[in-house]
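First comes the structure, then the notes that go with it.
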Amino acid sequence: MIRAFAWDGPHEVAISIYYQMIEYGLVPDNFTYPFVLKACSTLSALEQGREIHENVIRTGWGCDVFVGAALIGMYAKCGAVESGRKVFDKILGRDVVLWNSMIAAYSQNGYSNAALALCREMGVTGLRLSEATLVTVIAASSDIAALPRGREVHGFSLRHGFESQDKVNTAFVDMYAKCGAVWVARTLFDGLNEKRVVSWNAMIAGYAMHGHASEALALFEDMVKEGYPPDHITFVGVLSACSHGGLMEKGSKFFESMMSDYLIRPTVQHYTCMVDLLGHSGRLDEAYDLIMNMPVRPDSGVWGALLNSCKLHGNVELGEEALLRLIDLEPRDAGNYVILSNIYAQAGKWEGVARVRKLMKDRGLKKSIACSWIKVKNEVHVFLVEDMSHPQAEKIYAELERVEELMTDAGYVPDTTPVFHDVEEDEKKTMVLGHSERLAIAFGLISTPPGTRLLVTKNLKICDDCHVAIKFISKITKREIIVRDVNRYHHFKDGKCSCGDYW
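Numbering that gives the first Met the number 0 puts the first residue of the sequence shown at 0, with every later residue one more than the last.
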């Protein structure tokens, strides 16, 4: 009974039956605990999970690998990774499943470096890494855009006979795409012995995040021609590609086809793509109407897409509505308040800016600090706005000034609209020129041989002026510069960007 409700729900019933079982006088065993802990995981019921953990210890099952894996999984789903690690450390006879559980716990909670380190430690013990281990570690490499580490894992997989495992190779397709090497991802995809739907999905999504909309849609057509039935994840990738490519009409047709031809009911992710597509196209009223008529409850992704579109087109009234909805869904996310503040600033409504800032202050919210990083010679270098802390700061700023002069000669004029402060124009220009991604690029220019491709990652969305500036820089320096911001990849080359200035 516990297992049935733990798998199919209601999950609360599984936990209730567990307590009834104890009241009845029965002692749980290593079959009971994994299933009731699974129910706790699904519900993110940390406190109940801790109570069950205490009973695990009392009944002597604390060193059982199956129960241990379930405890680690529960703590991982509840965000208490350190508690999961304590469970892991206390079990001496660890098997592959237990190691995989702990590696997955780190990976799922954003501790990618820890996941990779634990994988190396597992290898030292003499245990053979399983297919599941590799897939998890590859995902960890994808999360931090750690291409060198991903290549290290790829080499390991080849040395240990995993080159024919399509599940592993599909994970590499996803990893290389997320790490900026979409061309490598395509090579691996073409070499798969047997392409599954998940393989096609990974490659389509990879093209979409890089702004290669035509390639993504062409691959979708190939997928259908070869007889692979697209699923709901396929259409998330397809609609995302249309959104990133500004393909309004095609996106609408795919959305209709998904329902009529493939009988796939749209999820909130599909609606998010459509709201983003409509909003970026300037059809904000249609985007709002779509939200209000959705058969599923709009989440923060849907309203966030509308808010971003309001910023793009300067729609103050609809932006205010979107923020009110977002405050109900995620009241502690400072980024939403900042976007509305930016909309007010663009419109010159400084009283609105002051009102939002006061609201943030009253609620104890702070704006996220823009941060960019670049990896050179296996070392990550991190930069903040107008950062002077780097040991080579003097050389970095000198290179930035040199490039800025060449850009000005080529026709570049700073766009100060991204500076949302009521200050003098000269001060705005100085603030724009010191953005973190430009500092990272300048460091890359002085630290690598001419012609080297640069990969910069940013924690926020790239601003309009930096987007224009990096196009100039790519042409002047004859470099390919890849910027991965919070939303997507931008490939700058010969003065152009892969997004076609639509993002």
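Cβ atoms here follow ideal geometry from the backbone N, Cα and C, with glycine treated the same way. Quantities reported herein were computed from a predicted structural model and do not represent experimental measurements.
Let me check understanding here. Comparing Cα to Cα, which of G48, N54, C62, G59 lies closest to A75? Along the sequence shown, one-based indexing puts residue 75 at 76. Per the Cα distances, G48.
Give me whichever residues DSSP pairs with V375 in a beta bridge. To locate residue 375, count along the sequence shown from 1; it is residue 376. E378, per the DSSP bridge assignment.
What is the rounded straight-line gap between the Cα of H279 and the Cα of P27? Looking up residue 279 in the sequence shown gives position 280. Looking up residue 27 in the sequence shown gives position 28. Rounded to whole angstroms, H279 to P27 spans 55 Å at the Cα level.
Do S340 and V355 come within 7 Å of each other at the CB atom, strictly closer than that value? Looking up residue 355 in the sequence shown gives position 356. Looking up residue 340 in the sequence shown gives position 341. Yes. Within cutoff.
Beta-bridge partners of T456, as assigned by DSSP: Taking the first residue of the sequence shown as position 1, residue 456 is located at position 457. The partner list for T456 (beta bridge, DSSP) reads W372, R483.
Quickly, what does DSSP pair C496 with across the bridge? List them, please. Here residue 496 corresponds to residue number 497 of the sequence shown, with the count starting at 1. In DSSP, C496 forms a bridge with F491.
Hey, is the region 220–227 in contact with the region 237–254, meaning 3+ C-beta pairs nearer than 8 Å? no
Please work out which residues of its chain come closer than 6 Å, Cβ to Cβ, to E237, disregarding the five sequence neighbours upstream and downstream, and give them in chain order. Indexing the sequence shown from 1 puts residue 237 at position 238. Checking the sequence shown, residue 237 turns out to be Val, not Glu. F219, F253.
Presumed contact (8 Å Cβ cut-off) between I232 and M174, rounded CB distance: Reading the sequence shown from its first residue, position 233 is the one you call residue 232. Reading the sequence shown from its first residue, position 175 is the one you call residue 174. That belief does not hold up - the Cβ atoms of I232 and M174 are roughly 17 Å apart, past 8 Å.
For S388, count the other beta carbons within 10 Å of its own beta carbon; 16 or more makes it buried, fewer makes it exposed. Which is it? Mapped onto the sequence shown, residue 388 falls at position 389. Exposed: under 16 other Cβ atoms inside 10 Å.
Mind reading off the beta-carbon distance from H243 to G281? Whole number of angstroms is fine, and I expect it under 8 Å. Here residue 243 refers to the residue found at position 244 when the sequence shown is read from its first residue. Here residue 281 refers to the residue found at position 282 when the sequence shown is read from its first residue. Not quite, the Cβ-Cβ distance comes to about 16 Å (not below 8 Å), so this is no contact.
In the DSSP assignment, find the unbroken alpha helix (DSSP H) run with H389 in it and report its ends. Within the sequence shown, residue 389 is the residue found at index 390, counting from 1. Run containing H389: none; DSSP gives neither H nor E here.
Under the assumption that I342 contacts F442 (Cβ atoms under 8 Å), give the Cβ distance between them as a whole number of angstroms. Residue mapping note: residue 342 aligns to position 343 of the sequence shown, counting from 1. Residue mapping note: residue 442 aligns to position 443 of the sequence shown, counting from 1. About 33 Å separates the two Cβ atoms, so there is no contact after all.
What residue ranges within the region 22–67 form continuous beta strand (DSSP E) runs of no fewer than 3 residues, ordered along the chain? none
Whole-Å CB distance - V134 paired with Y105, under 8 Å assumed: Reading the sequence shown from its first residue, position 135 is the one you call residue 134. Reading the sequence shown from its first residue, position 106 is the one you call residue 105. So it is not a contact: roughly 14 Å between Cβ atoms.
So for L126, helix, strand or coil by DSSP? Sequence index remark: in the sequence shown, residue 126 carries index 127 (1-based). Looking at L126 - three-state DSSP - the assignment turns out to be coil, as it is neither helix nor strand.
Pick helix, strand or coil for L383, following the three-state DSSP scheme. Here residue 383 refers to the residue found at position 384 of the sequence shown. It is a strand residue.
The region 461–480 contacting the region 391–400, beta-carbon criterion three pairs below 8 Å: Verdict: no, contact absent.
Does the distance from the CB of S371 to the CB of S435 come in under 7 Å? To locate residue 371, count along the sequence shown from 1; it is residue 372. To locate residue 435, count along the sequence shown from 1; it is residue 436. Yes.
Hey, could you find the ends of the alpha helix (DSSP H) H434 is sitting in? Here residue 434 is taken as the residue at index 435 of the sequence shown, counted from 1. Where H434 is concerned, there is no enclosing alpha helix (DSSP H), given that its DSSP letter is neither H nor E.
When you compare only the Cα positions, how much space is there between P71 and G300? Reading the sequence shown from its first residue, position 72 is the one you call residue 71. Reading the sequence shown from its first residue, position 301 is the one you call residue 300. One point to set straight first is that residue 71 is Ile, not Pro, in the sequence displayed. About 29 Å.
Inter-residue spacing [alpha-carbon to alpha-carbon] between A353 and D332: As a first step, residue 353 must be located in the sequence shown, where it is residue number 354. As a first step, residue 332 must be located in the sequence shown, where it is residue number 333. Near 18 Å, if we compare the C-alpha coordinates of D332 and A353.
Quick one: what does DSSP say I342 is sitting in, helix, strand or coil? Stepping through the sequence shown from its first residue, residue 342 is reached at position 343. Helix, per DSSP.
Chain-order list of residues whose beta-carbon lies under 7 Å from that of P417 (same chain, five-residue window excluded): Your numbering for residue 417 matches position 418 in the sequence shown. Low confidence applies to P417: its pLDDT is 49, below 50, so where it sits in the model is not reliable, and the reading given next is rough at best. Cβ within range, chain order: V431, C462, D463, D464.
Pick from T456, F30, Y23: whose alpha carbon is nearest that of A5? Walking along the sequence shown from the start, residue 5 turns up at place 6. With distances taken between Cα atoms, A5 lies closest to F30.
Buried or exposed, going by whether 16 or more other CB atoms sit within 10 Å of the CB of V66? The residue you call residue 66 lines up with position 67 of the sequence shown. Buried: at least 16 other Cβ atoms inside 10 Å.
In whole angstroms, give me the CA-to-CA distance for L444 and V181. Mapped onto the sequence shown, residue 444 falls at position 445. Mapped onto the sequence shown, residue 181 falls at position 182. Those two C-alpha atoms are separated by around 23 Å.
Would L115 and R158 qualify as a contact pair, given that the criterion is a beta-carbon distance under 7 Å? For the purposes of this step, residue 115 is taken as residue 116 along the sequence shown, with counting starting at 1. For the purposes of this step, residue 158 is taken as residue 159 along the sequence shown, with counting starting at 1. Taking 7 Å as the Cβ cut-off, L115 and R158 do not qualify as a contacting pair.
Using the Cβ count rule (16 or more neighbours within 10 Å means buried), how would you classify S213? Position 214 of the sequence shown, counted from the start, is the residue given in the question as residue 213. The residue is exposed, with fewer than 16 neighbouring Cβ atoms inside 10 Å.
With H, G and I counted as helix, E and B as strand and the rest as coil, what does DSSP make of R185? Against the sequence shown, residue 185 aligns to sequence position 186. Reduced to three states, the DSSP call for R185 is helix.
Return yes when the Cβ of A68 is within less than 7 Å of the Cβ of L91, no when it is not. In the sequence shown, residue 91 corresponds to position 92, counting from 1. In the sequence shown, residue 68 corresponds to position 69, counting from 1. Going by C-beta atoms, L91 is not nearer than 7 Å to A68.
For G318, does the count of other Cβ atoms within 10 angstroms reach 16, so buried, or fall short, so exposed? Working through the sequence shown from its first residue, we reach residue 318 at position 319. It counts as buried.
For Y270, tell me which candidate among H312, V55, D288 has the shortest Cα-Cα distance. Along the sequence shown, read from residue 1 onward, the residue named residue 270 stands at position 271. Looking at the Cα atoms, D288 is the closest of the given residues.
Apart from the five residues on each side of it in sequence, which residues of its chain come closer than 8 Å, Cβ to Cβ, to L311? Looking up residue 311 in the sequence shown gives position 312. Around L311: G278, H279.
D522 vs K457 beta-carbon contact at 7 Å: What the structure shows of the chain is the stretch from 0 to 502, and residue 522 is not part of that stretch, so it cannot be assessed.
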